[in-house]
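Residue numbers (this note's numbering): 177 to 298. First up is the structure itself, then whatever we jot down about it.
Spelled out as structure tokens, the structure:
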């Protein structure tokens, strides 16, 4: 099994949340898009969900963390990663990124972007 690497991911999870450094951002909110990817050595191939990362769990973690207003997107990403590695301690890499659509600044900006990656010490 050690020659296999498995990826389980969710892409383009769309959320509305109140994250932002400025108080007005926390009042009016914004639309966000989250990508979450895990990588690990497969626990087995017995067709059992307990041997993999369940992407329903990943979705629940994202949606829950998006409810908790934070000033920095980095804080949200760190909290998501912490919950993933607590639930799935066998994951070797967790990468989560977030786009803030139409950030409130001058000019025409499609989105801002922050990414955080965790790699286990193994």
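Heads up, the beta-carbon is just placed ideally off N, CA and C, and yes, glycines get one too.
Counting only residues of its own chain and dropping the five nearest sequence neighbours on each side, residue 289 has a CB closer than 6 Å to the CB of 275. Counting only residues of its own chain and dropping the five nearest sequence neighbours on each side, residue 243 has a CB closer than 8 Å to the CB of 193.
Per DSSP, residue 235 is not a residue of any beta strand (DSSP E); the alpha helix (DSSP H) it occupies stretches across 231-242.
Around residue 273, the same chain offers 211 and 291 as residues with beta carbons nearer than 6 Å, after the five sequence neighbours per side are excluded. Annotation for residue 292: the continuous beta strand (DSSP E) segment containing it runs 287-295.
Taking C-alpha positions only, residue 251 is separated from residue 282 by approximately 25 Å.
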